[in-house]
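Working notes, structure below.
Residue numbers (full-length UniProt numbering): 1 to 547.
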């Protein structure tokens with residue numbers, strides 16, 4: 001009971017006194033509780049036993065001639081602990097992801113069974129903790145879940161995992177007791193056995209956990225009712241990879257490297273899953289997941305969905321790599337959920353034609369063949385940002401004509417050293433119509449510009465697919481299924497995508513900006529303003545589109 005399940009905690013949960021730290025690796029423990037455990041272990045009381053005999057610990061004496069006991073060497077067991085002269089260097093079964101530097105080298109004298117248990121990095125002046133499979137073994141199994149139909153995996157670790165962060169997403173863990181913690185983002189439960197100092201990592205929800213060493217059962221008191229069966233299925237590939245990794249561990253492997261392996265897995269987290277499901281459930285067509293990884297205003301820096309920083313293409317089109325990957329994962333999964341990514345017209349390239357993650361492929365491939373390790377997006381053909389790119393990136397630019405009609409698509413300006421983005425008029429068509437005497441312009445692309453096309457004032461965002469100009473009172477709506485844009489020269493209640501016919505409700509005029517409406521040309525009637533402008537503007541747009 002003298003070791004915390006969270007190495008960042010400061011007070012012993014048992015006696016409430018401050019924790020001490022080991023000289024090496026900063027593992028925390030309670031000296032007072034440790035002393036009482038040793039006292040019980042060395043007493044003649046047969047009815048009380050302690051698990052301290054299972055403790056693998058490295059201790060040292062600060063005085064070989066202590067007068068409280070007979071003289072002894074530097075290496076002795078914990079039952080011979082002396083409160084006056086004994087000191088713990090480190091616990092071999094407690095993992096905290098800590099290092100120690102060379103200034104503590106005078107304390108560092110012990111090797112483990114003639115085999116080094118430390119990794120030395122001279123340039124950084126530290127030792128890293130290791131555990132070898134000669135004496136510790138990892139196992140992996142699938143058990144029946146209490147919430148979903150399929151089985152869930154459990155990773156049995158032969159050490160006490162005292163981390164306070166999730167091994168996959170680095171989110172802070174939530175602690176339910178002194179031997180249970182979990183990640184609410186990844187739905188991963190960590191349970192510890194205080195008799196054997198082992199840890200079970202459970203990738204899902206179950207009612208109980210069993211220690212592989214002593215077979216004791218512990219009940220799990222964590223509410224994970226909102227977990228979905230689809231969520232676990234999406235990570236099946238990751239579970240299989242963990243199984244293969246565990247089965248191929250050899251006797252010379254450092255077992256702690258499993259943390260590095262798991263962290264590199266393409267794990268589908270709950271936050272992304274929940275946002276996707278919420279979007280789908282709020283729409284009539286539950287079977288199609290929209291394109292969520294592209295902003296409607298290209299000046300934004302962070303993804304509105306996952307809050308990660310956007311990446312950029314050659315034409316400075318922003319997109320979220322993480323959300324893109326999850327869309328592709330949905331598309332290539334066996335779930336009954338389709339993704340609108342099939343409608344995406346994109347130019348991608350591979351940075352390594354011999355990537356070991358998949359079979360060799362040429363430079364031209366579809367987005368479903370995306371590989372996180374070697375694939376890079378050059379540009380999206382349907383996203384307009386009014387950007388150019390210079391000739392310095394020309395070696396990446398391997399497509400100058402439309403794939404469909406082979407027509408030249410790009411305008412080159414040698415004097416200014418740039419390529420201008422163009423769309424093939426053979427394959428993309430603009431249309432318009434009047435709704436309640438208001439002009440609606442249907443664009444076959446995703447307009448991600450941040451300024452009004454008429455007055456060049458900054459647009460205001462109302463949602464991930466609606467923005468408006470408070471100066472011209474024009475509304476821009478986007479369809480995240482087809483990546484098209486409707487520009488509405490006035491106000492109507494709803495907007496319909498020309499391609500998929502889906503209807504998007506538009507925020508009321510009061511929601512848009514009542515202050516602007518009250519100040520338009522000195523009168524508060526928005527209809528008068530729109531009627532005043534539509535005859536001057538609509539006829540010009542009509543003539544342009546028809547010609």
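No residue lacks a Cβ here, since even glycine has one placed at the ideal position from N, Cα and C.
Q: Please specify which runs of the beta strand (DSSP E), each continuous and at least 3 residues long, are wholly inside the region 164 to 242, giving them in chain order.
A: You should have 174 to 177, 180 to 183, 188 to 193, 198 to 202, 208 to 210, 217 to 219.
Q) Does the pairing of the region 186 to 195 with the region 77 to 97 give three or more beta-carbon distances under 8 Å? A) Output reads no: the region 77 to 97 does not touch the region 186 to 195.
(Q) I'd like the span of the alpha helix (DSSP H) that includes residue 489, first residue to last. (A) Segment: none, residue 489 is in no alpha helix (DSSP H) and carries neither H nor E.
Q: Compare the beta carbon distance of residue 380 and residue 326 with 9 Å and say whether it is the shorter of the two.
A: Contact check for residue 380 against residue 326 fails: the beta carbons are separated by 9 Å or more.
Q: Could you give the DSSP three-state label for residue 316: helix, strand or coil?
A: DSSP places residue 316 in the coil class of the three-state scheme, outside both helix and strand.
Q.
Between 463, 468, 464, which has its C-alpha nearest residue 454's C-alpha?
A. Minimum Cα distance to residue 454 is reached at 468.
Q.
As a quick exercise: from 186, 214, 195, pick the residue whose alpha carbon is nearest that of residue 201.
A. Nearest Cα to residue 201 within the set 186, 214, 195: 186.
Q) Whose C-beta lies closer than 7 Å to the C-beta of residue 69 among residues of the same chain, with five residues either side of it excluded? A) Taken in chain order, the residues that qualify are 82.
Q. On the three-state DSSP scale, how would you describe residue 433?
A. Residue 433 falls in the strand class under three-state DSSP.
Q: Report yes if the C-beta distance between residue 477 and residue 436 is below 9 Å; otherwise report no.
A: Cβ distance not < 9 Å, so residue 477 and residue 436 don't count as in contact.
(Q) With distance defined between alpha-carbon atoms, name the residue in 465, 456, 441, 463 nearest to residue 489. (A) The shortest Cα separation from residue 489 among 465, 456, 441, 463 belongs to 441.
Q.
Count Cβ pairs between the region 212 to 225 and the region 26 to 39 that sit closer than 8 Å; are there 3 or more?
A. Too few Cβ pairs lie closer than 8 Å, so no.
Q: Assuming residue 156 and residue 198 form a contact by the criterion Cβ under 8 Å, report the distance between their Cβ atoms to the nearest whole angstrom.
A: Here residue 156 really is in contact with residue 198; their C-beta atoms are around 7 Å apart, less than 8 Å.
Q: Have a look at 175, 22, 5, 39 and flag the residue whose alpha-carbon is nearest the alpha-carbon of residue 60.
A: Closest by C-alpha distance to residue 60, out of 175, 22, 5, 39, is 22.
(Q) Could you tell me the alpha carbon to alpha carbon distance between residue 142 and residue 153, rounded to whole angstroms? (A) In this model, residue 142 and residue 153 are separated by some 4 Å (Cα to Cα).
Q: Look up residue 321 in the DSSP assignment and say whether it is helix, strand or coil.
A: Residue state for residue 321 is assigned as helix, using DSSP reduced to three classes.
Q. Residue 444: which of 479, 451, 160 sits nearest, CA to CA?
A. Closest option to residue 444, Cα to Cα, is 479.
Q: From the DSSP output, read off the bridge partner residues of residue 479.
A: Per DSSP, 484.
Q) If we count the other Cβ atoms within 10 Å of its Cβ and call it buried at 16 or more, is residue 3 buried or exposed? A) Buried.
Q. With which residues is residue 161 paired in a DSSP beta bridge?
A. Secondary-structure assignment with DSSP links residue 161 through a beta bridge to 95.
Q) Count the other CB atoms within 10 Å of the CB of residue 494; is the residue buried (16 or more) or exposed (fewer)? A) Burial call: exposed.
Q.
Rounding to the nearest angstrom, what Cα-Cα distance links residue 236 and residue 34 in this structure?
A. Residue 236 and residue 34: Cα-Cα distance of roughly 42 Å.
(Q) Helix, strand or coil, according to DSSP, for residue 107 in the structure here? (A) Caution is warranted here: a pLDDT of 49 is assigned to residue 107, below 50, making its placement in the model unreliable, and no coordinate value can be reported.
Q.
Please identify the residue among 346, 482, 491 whose C-alpha is closest to the C-alpha of residue 475.
A. Closest option to residue 475, Cα to Cα, is 491.
**Q.** Inter-residue Cα distance where the pair is residue 17 and residue 92
**A.** Rounded to the nearest angstrom, the two C-alpha atoms are 23 Å apart.
Q) How would you write the range of the alpha helix (DSSP H) that residue 5 sits in, first residue to last? A) No alpha helix (DSSP H) holds residue 5; DSSP gives it neither H nor E.
**Q.** Collapsed DSSP secondary structure at residue 519 in the structure displayed
**A.** Note that residue 519 scores 40 on pLDDT, short of 50, meaning its location in the model is unreliable and no value can be drawn from it.
(Q) Does residue 297 come out as helix, strand or coil in the three-state DSSP assignment? (A) In the displayed model, residue 297 falls within coil according to three-state DSSP, outside both helix and strand.
Q: Just the C-alpha distance for residue 457 and residue 471, rounded to the nearest angstrom, thanks.
A: Each residue's alpha carbon lies about 7 Å from the other.
Q. Got a sec: is the Cβ-Cβ distance from residue 159 to anything in chain D below 9 Å?
A. The chain inventory of the structure shown lacks chain D, comprising one protein chain alone.
Q: Figure out for me which residue from 25, 67, 80, 301 has the closest Cα to the Cα of residue 38.
A: Comparing Cα-Cα distances from residue 38 to each of 25, 67, 80, 301, the minimum goes to 80.
(Q) For residue 178 and residue 255, what's the separation of their Cα atoms in angstroms? (A) If you take the alpha carbons of residue 178 and residue 255, they lie about 24 Å apart.
Q. Where does the unbroken beta strand (DSSP E) through residue 144 begin, and where does it stop?
A. From DSSP, the beta strand (DSSP E) with residue 144 extends over 139 to 144.
**Q.** Check whether residue 259 and residue 138 have beta carbons under 9 Å apart
**A.** No, these two residues do not count as a Cβ contact at 9 Å.
Q. Rounded to a whole number of angstroms, what is the C-alpha to C-alpha distance between residue 313 and residue 426?
A. Going from the Cα of residue 313 to the Cα of residue 426 covers about 24 Å.
Q) What is the DSSP secondary structure of residue 378, reduced to helix, strand or coil? A) In the structure shown, residue 378 falls within a strand segment according to DSSP collapsed to helix, strand and coil.
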